[in-house]
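Residue numbers for the sequence shown follow the UniProt record's numbering, beginning at 1 and rising by one.
Note that CB positions come from ideal geometry on N, CA and C, so glycine has one too.
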Amino acid sequence: MERKVNFEKGEFYHIYNRGVEKRIIFQNISDYKRFLVLLYIANGDKSLHMKDYGSLNFIEEVFGKDRGRPLVAIGAYCLMPNHFHLLLTPLVDGGISKFMLKLQTGYSMYFNKKNDRVGALFQGVFKSQHINDDIYLRYIYVYVHLNPAKLKNSEWKTQSKSFFNNLKKFIAEYSYSSLQEYLSRNYRIINPKPFPVQIKNIIDYSAMIEDFSETTNFPEGSPRGKGTTCLTADL
Numbered sequence: 001m002e003r004k005v006n007f008e009k010g011e012f013y014h015i016y017n018r019g020v021e022k023r024i025i026f027q028n029i030s031d032y033k034r035f036l037v038l039l040y041i042a043n044g045d046k047s048l049h050m051k052d053y054g055s056l057n058f059i060e061e062v063f064g065k066d067r068g069r070p071l072v073a074i075g076a077y078c079l080m081p082n083h084f085h086l087l088l089t090p091l092v093d094g095g096i097s098k099f100m101l102k103l104q105t106g107y108s109m110y111f112n113k114k115n116d117r118v119g120a121l122f123q124g125v126f127k128s129q130h131i132n133d134d135i136y137l138r139y140i141y142v143y144v145h146l147n148p149a150k151l152k153n154s155e156w157k158t159q160s161k162s163f164f165n166n167l168k169k170f171i172a173e174y175s176y177s178s179l180q181e182y183l184s185r186n187y188r189i190i191n192p193k194p195f196p197v198q199i200k201n202i203i204d205y206s207a208m209i210e211d212f213s214e215t216t217n218f219p220e221g222s223p224r225g226k227g228t229t230c231l232t233a234d235l
């Protein structure tokens, strides 16, 4: 069932979801790779049948496969053990809802079959926040890419300078976020073209960490702002 929300073309949205009962949804490298593959092949108006793609688990193998017309432009993504974050803008009417339906259904079917389970894998359809200004857009872009910092230390903002030096390396080498695509400018899953120039040019992850660690005033509606519905497992 598709989410009944009016996602408008030309607008930007923070999309996120986590496992039901906060369960781990990425148990190993193969799980992460399958979701990355789905981020690419689910983003098209062609019907998704995984049998058409064989046992592909590497984005290098699926990139260039016919997926039809893209439904959304992905500006950023990050996969964490029990949740994920996406920065999206729709390219067609209903693009976000159609993409998320294909993405989550495809991954749930894979996960349930692999683990001999039934039932919902994700906590509801998905959560969304409309990004209504450039400051908030920049914040979400950085927020998504720095999400893995909590894997190093849940209180990472208060750590020593030596910790931050190690964190910079960890963030840059984290395999399951779009930061590596930006650093290499080898865009496979993401499509930065529809996003503002000031976002596409934020590739200094060292500055990201320093700026974000000092942030105390968060935009209204942000994951740290008033009235937030963001994941409790996030930064």
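Would you tell me roughly how many angstroms separate the C-alpha atoms of residue i and residue j, rounded to the nearest one?
{"i": "F218", "j": "D134", "result": "Bear in mind that a pLDDT of 42 at F218, under 50, signals an unreliable position, so the number given afterwards is only what the model happens to contain. Distance between the alpha carbons of F218 and D134: 13 Å."}
{"i": "V144", "j": "C78", "result": "6 Å"}
{"i": "F163", "j": "L151", "result": "13 Å"}
{"i": "R117", "j": "M109", "result": "10 Å"}
{"i": "F195", "j": "Y13", "result": "11 Å"}
{"i": "Q198", "j": "H130", "result": "18 Å"}
{"i": "G124", "j": "G68", "result": "27 Å"}
{"i": "G221", "j": "F63", "result": "With a pLDDT of only 40 at G221, under 50, the local geometry of the prediction cannot be trusted, and no value is derived from it."}
{"i": "I41", "j": "L167", "result": "31 Å"}
{"i": "F26", "j": "E8", "result": "30 Å"}
{"i": "Y136", "j": "S47", "result": "34 Å"}
{"i": "Y187", "j": "E181", "result": "5 Å"}
{"i": "T229", "j": "K127", "result": "With a pLDDT of 38 at T229, under the threshold of 50, the modelled position of this residue cannot be trusted, and the question is left open."}
{"i": "N115", "j": "H83", "result": "18 Å"}
{"i": "H49", "j": "N17", "result": "23 Å"}
{"i": "V92", "j": "K113", "result": "31 Å"}
{"i": "P192", "j": "E61", "result": "22 Å"}
{"i": "P90", "j": "K65", "result": "21 Å"}
{"i": "E21", "j": "F111", "result": "16 Å"}
{"i": "G10", "j": "L146", "result": "25 Å"}
{"i": "S30", "j": "A73", "result": "24 Å"}
Which class does residue i belong to by DSSP, given the choice of helix, strand or coil?
{"i": "A120", "result": "coil"}
{"i": "N17", "result": "strand"}
{"i": "H49", "result": "coil"}
{"i": "F63", "result": "coil"}
{"i": "P12", "result": "What sits at residue 12 in the sequence shown is Phe, not Pro. Of the three classes helix, strand and coil, the one that applies to F12 here is strand, per DSSP."}
{"i": "F164", "result": "helix"}
{"i": "R23", "result": "coil"}
{"i": "Y182", "result": "helix"}
{"i": "F195", "result": "coil"}
{"i": "I171", "result": "helix"}
{"i": "I189", "result": "coil"}
{"i": "F7", "result": "coil"}
With DSSP as the reference, please indicate the residues paired to residue i in a beta bridge.
{"i": "T89", "result": "A73"}
{"i": "M80", "result": "H83"}
Tell me which residue opens and which closes the beta strand (DSSP E) that residue i is part of.
{"i": "K127", "result": "127 to 131"}
Hey, residue i and residue j are a contact pair by Cβ (cut 8 Å); roughly how many whole angstroms apart?
{"i": "G19", "j": "L86", "result": "No, G19 and L86 are not in contact; Cβ-Cβ is about 16 Å, not under 8 Å."}
{"i": "L38", "j": "L103", "result": "5 Å"}
{"i": "Y141", "j": "G75", "result": "7 Å"}
{"i": "I171", "j": "L36", "result": "About 18 Å separates the two Cβ atoms, so there is no contact after all."}
{"i": "L88", "j": "G44", "result": "Incorrect: roughly 14 Å between the Cβ atoms, too far for contact."}
{"i": "I15", "j": "M100", "result": "7 Å"}
{"i": "R34", "j": "Y107", "result": "7 Å"}
{"i": "P148", "j": "S177", "result": "7 Å"}
First and last residue of the alpha helix (DSSP H) that includes residue i?
{"i": "S177", "result": "No alpha helix (DSSP H) holds S177; DSSP gives it neither H nor E."}
{"i": "G44", "result": "Neither: G44 is in no alpha helix (DSSP H) and is coded neither H nor E."}
{"i": "Y139", "result": "134 to 145"}
{"i": "Y110", "result": "95 to 115"}
{"i": "K152", "result": "149 to 152"}
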